[in-house]
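Just so we're aligned, residue 903 is where the sequence shown starts under the working numbering, counting upward by one.
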Amino acid sequence: MVQHEVHKWSRPSPGWIKLNTDAVVDQQRGVACSGIVARDETGAFMSAKCRRYDHLVEPAVIELLACRDVMLFARQQAWQNIEVEMDRQVVVCAWDRTVDDRSLCG
């Protein structure tokens, strides 16, 4: 039996926007998708975006692309004060400048 931790969404700090991103992979079809949802400090929906990736099936790679996509999306919207939330610890560690191993990043 697989157990999943349930996390309650928390609002961003006042004046900030929270961008939640996640990705899913269908290895049989060779396709993956990432999604982004933006909410303001009250939790109100602001915007969303999704993207399809063909011929990519490595979950860590898709999560890294989702992380890149969320940064590009924030820049396109001219949002400066953002909090990014994702559930892939490997990517979070790879993004952290204090971690020396960036092998997932290329």
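Note that the Cβ used here is the ideal one computed from N, Cα and C, for glycine as well.
Remember, predicted model here, so these are calculated numbers, not experimental data.
What whole-angstrom Cβ distance do G932 and D924 have, given they're in contact under 8 Å? The pair is not a contact, with the Cβ atoms about 19 Å apart (cut-off 8 Å).
Could you give the residue range of the alpha helix (DSSP H) that holds L966? 961-978
Going by CA-CA distance only, name the one from M948, W918, D928 that's closest to D956. D928
Start-to-end residues for the beta strand (DSSP E) that takes in R913: Neither: R913 is in no beta strand (DSSP E) and is coded neither H nor E.
So for E943, helix, strand or coil by DSSP? coil
Please say whether R954 and D971 have beta carbons closer to each other than 7 Å? no
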